[in-house]
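K.L.:
28 is the number of the first residue of the sequence shown in our numbering; add one for each residue after it.
By construction, the Cβ of each residue, glycine as well, lies at the ideal position given by its N, Cα and C atoms.
In this text, all values refer to a predicted model and were calculated from it rather than measured experimentally.
If you scroll down you'll find the structure; I have some questions about it.
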Amino acid sequence: MQYRIMEAAAIIGRSQRLVVLTGAGMSKESGVPTFRDEDDGLWTKYDPAELATPEAFQRDPRLVWEWYTYRREIVRQAAPNPGHYALVELEDLLPQVVVITQNVDDLHQRAGSSDVIPLHGAIMRSRCTADCRGGPTAFSSEAPVKDGLPRCPYCGALARPDVVWFGENLPAEALLRAMIVTQEADVMLVVGTSGVVQPVAALPSLAFRAGATLIEVNPNASAITSLAALWLDGPAGEILPQLVAAIRARRGGQ
Ligand code: OAD
Numbered sequence: 028m029q030y031r032i033m034e035a036a037a038i039i040g041r042s043q044r045l046v047v048l049t050g051a052g053m054s055k056e057s058g059v060p061t062f063r064d065e066d067d068g069l070w071t072k073y074d075p076a077e078l079a080t081p082e083a084f085q086r087d088p089r090l091v092w093e094w095y096t097y098r099r100e101i102v103r104q105a106a107p108n109p110g111h112y113a114l115v116e117l118e119d120l121l122p123q124v125v126v127i128t129q130n131v132d133d134l135h136q137r138a139g140s141s142d143v144i145p146l147h148g149a150i151m152r153s154r155c156t157a158d159c160r161g162g163p164t165a166f167s168s169e170a171p172v173k174d175g176l177p178r179c180p181y182c183g184a185l186a187r188p189d190v191v192w193f194g195e196n197l198p199a200e201a202l203l204r205a206m207i208v209t210q211e212a213d214v215m216l217v218v219g220t221s222g223v224v225q226p227v228a229a230l231p232s233l234a235f236r237a238g239a240t241l242i243e244v245n246p247n248a249s250a251i252t253s254l255a256a257l258w259l260d261g262p263a264g265e266i267l268p269q270l271v272a273a274i275r276a277r278r279g280g281q
């Protein structure tokens, strides 16, 4: 492993345009469960069709809100882990670091990453189901409650979590920028995603076809592993700080 970290440090240390793509595994060591891990993945215990689709919300908004209130509580208590901070440190070492994330927990932003493209929304934010002030009409999670359901503070319509559900489009501008930076990247560091949810899952192959070198950090093989020049098979909170230390050591030695 040490040798692979040194190799990865050499590649990333030379990057002019690094893109980091993150998924739920990035936040696992912060205590936020992933979706598909065999031990405690949310979708191994719960059915996404009943909790994370527009149809589910229409059918039973109370159930969906209960689920998101539970997840918000986990995120509220979570703090960035050493992996998140290592990505912030990379900004001191490289000319460009853009983080594209599927995570809705805001932990990259809370750690201090300065250029984050969130593609699946923000769990602590809510949004008006009528988009009364234009789409999207978003507000903080402290929305007024009526009949046990959160409401839009502007028009009183039902509020919903400001996250992307299955079957919904991703925020267009963010997705477009993610695709542009992906195509321009010389290195893509993929951290903690199973790489099975589209359209984000297509970004690593887009980077690969455009000539980027892919490096993956994930304790388990994923749908992306076969594209990766290097697979660092360990937890993000341990591997990423080691990677940053190795880049610093190389700089110090030059
Ligand atoms: P998954 O749960 O599908 O995958 C998590 C990945 O993290 C797996 O490949 C694990 O092996 C890996 N992993 C576990 N622990 C790790 C650790 N400590 N360090 C690094 N990696 C670790 O999560 P995502 O790929 O993010 O969508 O899932 C994609 C989307 O599916 C989510 O954004 C969510 C979900 O439905 C929406 O909410 C729209």
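Within 10 Å of its beta-carbon, does L203 have 16 or more other beta-carbons around it, so buried, or fewer, so exposed?
P.N.:
Walking along the sequence shown from the start, residue 203 turns up at place 176. So L203 counts as exposed.
K.L.:
Nearest by alpha-carbon distance to R44: which of P231, Q210, Q104 and S141 is it?
P.N.:
Within the sequence shown, the letter at position 17 stands for residue 44. It is Q210.
K.L.:
Determine the closest residue to L114 out of G279, A83 and I266, with distance taken between C-alpha atoms.
P.N.:
Here the question's residue 114 lines up with position 87 in the sequence shown. It is I266 whose Cα lies nearest to the Cα of L114.
K.L.:
Pull up the DSSP beta-bridge partners for A165, would you.
P.N.:
The residue labelled residue 165 in the question sits at position 138 within the sequence shown. R154, per the DSSP bridge assignment.
K.L.:
Judging by CA-CA distance, which residue of A263, E195 and G194 is the nearest neighbour of L216?
P.N.:
As a position in the sequence shown, residue 216 is number 189, starting the count at 1. Among A263, E195 and G194, the Cα nearest to that of L216 is on A263.
K.L.:
Does the Cβ of L14 have 16 or more other Cβ atoms within 10 Å, making it buried, or fewer, making it exposed?
P.N.:
As shown, the chain starts at 28 and ends at 281. That puts residue 14 outside it, with no answer to give.
K.L.:
My output table needs one value for T240: the three-state DSSP class, helix, strand or coil.
P.N.:
Position 213 of the sequence shown, counted from the first residue, corresponds to residue 240. Strand, per DSSP.
K.L.:
What is the rounded straight-line gap between the Cα of P231 and the Cα of G238?
P.N.:
Position 204 of the sequence shown, counted from the first residue, corresponds to residue 231. Position 211 of the sequence shown, counted from the first residue, corresponds to residue 238. Between P231 and G238, the C-alpha separation is close to 11 Å.
K.L.:
Under a Cβ-count criterion, where at least 16 other Cβ atoms within 10 Å of its own Cβ denotes burial, should M53 be classed as buried or exposed?
P.N.:
Indexing the sequence shown from 1 puts residue 53 at position 26. Burial call: buried.
K.L.:
Are the beta-carbon atoms belonging to R187 and R154 less than 7 Å from one another?
P.N.:
As a working mapping, residue 187 is identified with position 160 in the sequence shown. As a working mapping, residue 154 is identified with position 127 in the sequence shown. A contact, by the Cβ cut-off of 7 Å.
K.L.:
Measuring CA to CA, which of D64, F62, W192 and L117 is closest to T80?
P.N.:
On the sequence shown, position 53 is the one that residue 80 refers to. Comparing Cα positions, the closest option is W192.
K.L.:
Taking 6 Å as the cut-off, does the CB of N196 come closer than this to any heavy atom belonging to the ligand MN?
P.N.:
The ligand MN is absent from the structure shown, which contains only the ligand OAD.
K.L.:
Could you check where the alpha helix (DSSP H) with A113 kicks off and where it finishes?
P.N.:
Along the sequence shown, one-based indexing puts residue 113 at 86. Where A113 is concerned, the enclosing alpha helix (DSSP H) stretches over P109 to L120.
K.L.:
Once you ignore the five residues that flank P180 on each side, which residues in its own chain have a CB closer than 7 Å to its CB?
P.N.:
Residue 180 sits at position 153 when you count from the first residue of the sequence shown. Closer than 7 Å at Cβ, skipping near neighbours: F166, A170 and P171.
K.L.:
Can V106 and L146 be called in contact, C-beta distance under 7 Å?
P.N.:
Position 79 of the sequence shown, counted from the first residue, corresponds to residue 106. Position 119 of the sequence shown, counted from the first residue, corresponds to residue 146. Per the sequence shown, residue 106 should be read as Ala rather than Val. Cβ atoms of A106 and L146: not closer than 7 Å.
K.L.:
Please state if the CB of S140 and the CB of N108 are separated by a distance shorter than 7 Å.
P.N.:
As a working note, residue 108 is residue 81 in the sequence shown. As a working note, residue 140 is residue 113 in the sequence shown. Not a contact, by the Cβ cut-off of 7 Å.
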